[in-house]
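As structure tokens, the structure follows; a few thoughts come after it.
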Amino acid sequence: MDNSTTSSETAVQRSKSFSLKPQAKELCASCEKTVYPMERLVADKNVFHSSCFCCNHCNTKLSLGSYAALHGQFYCKPHFQQLFKSKGNYDEGFGRKQHKELWSVKEAESGTKTA
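So the mapping is simple: the working numbering equals the position in the sequence shown, first residue as 1, plus 303.
Right under this line is the structure:
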């Protein structure tokens with residue numbers, strides 16, 4: 304009585320990376336078209352075509368080593384620095400309300416509630 308099993312009796316084990324289920328289509332965050340694996344680029348949890356990953360200011364093609372991101376916008380490093388230096392802060396330089404304005408509104412609201 305041999306306890307060993309033959310190859311026909313053992314379950315076939317498949318690689319965990321291989322699946323017969325169709326993969327969900329990923330869409331480019333820029334052009335919203337299907338991104339295929341060979342052209343896929345992921346930056347800050349967003350999927351792009353490598354050709355669609357461009358600076359919001361000058362439209363220059365970016366790479367993973369040559370970009371900076373702020374508030375979901377992507378910039379080339381020279382323009383990111385230029386926009387920051389132009390106003391001296393991230394909010395005003397990139398066209399957003401300054402934090403000090405938001406604080407003054409909150410202070411005014413809290414001052415009226417306590418009075």
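Glycine is no exception: its CB is placed at the ideal position from the N, C-alpha and C atoms. Nothing here was measured: the structure is a model prediction, and the numbers come from that model.
Apart from the 5 residues on each side of it in sequence, C361 sits with its Cβ closer than 8 Å to the Cβ of C379 and H382 in its chain, given in chain order. With distances taken between CA atoms, C358 lies nearest to F377 out of F377, C334, A327 and A332.
Assigned with DSSP and collapsed to three states, H352 falls in strand. Cβ neighbours of N349 within its own chain (closer than 6 Å, five residues either side excluded): A332. Within 10 angstroms of the beta-carbon of L367 lie fewer than 16 other beta-carbons, which makes it exposed. In this structure, S353 is the residue among Y370, S353, A372 and S369 with its C-alpha nearest to the C-alpha of M341. In chain order, F377 place their CB closer than 6 Å to the CB of Y370, counting only its own chain and leaving out the 5 sequence neighbours on each side.
By the 16-neighbour rule on beta-carbons within 10 angstroms, L330 is exposed. When secondary structure is reduced to three states using DSSP, K388 falls in the helix class. The C-alpha of L365 is placed about 19 Å away from the C-alpha of T337. Leaving aside the five residues that flank D347 on each side, the residues in its chain whose CB is nearer than 6 Å to its CB run, in chain order, A372. Spatial neighbours of C334 in its own chain (CB-CB distance under 6 Å, excluding positions within 5 residues in sequence) are listed in chain order as C355.
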